[in-house]
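Numbering (UniProt numbering), first residue to last: 1 to 104.
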């Protein structure tokens, strides 16, 4: 029987494997959402500042500014190829959301 404080996401799960699978999917969805939001913020900044040649190379969704440099925690840095692939997914996967781009 479900506990009175059991989260709705746990309803119907009968095994530990089911729970682990749901947690993994939620984690994956969270990471995808965070990456999308980060890239969306970068695109909005570029859109609002078309006259400025913004340098975005070296930016990272997990980066932190420390002592004037962007530092990415160990294990969270992607290769340049993976970052380019992620940028392509943003642009290709959300065409309907990109139609109203700012123009110079």
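Even glycine gets a Cβ: it sits at the ideal position worked out from N, Cα and C.
- Query: Hey, would you say residue 39 sits closer than 9 Å to residue 71, going by beta carbons?
  - Reply: no
- Locate the alpha helix (DSSP H) running through residue 61, then write down its first and last residues. Per DSSP, residue 61 belongs to no alpha helix (DSSP H) and is neither H nor E.
- Query: Are the beta-carbon atoms of residue 22 and residue 10 separated by less than 9 Å?
  - Reply: yes
- Among 56, 24, 6, which residue has its Cα nearest to the Cα of residue 41? 56
- Segments of 4+ residues assigned as alpha helix (DSSP H) that fall wholly inside the region 10-66: Runs of the alpha helix (DSSP H) spanning 4 or more residues and lying entirely within the region 10-66 occur at 16-48, in chain order.
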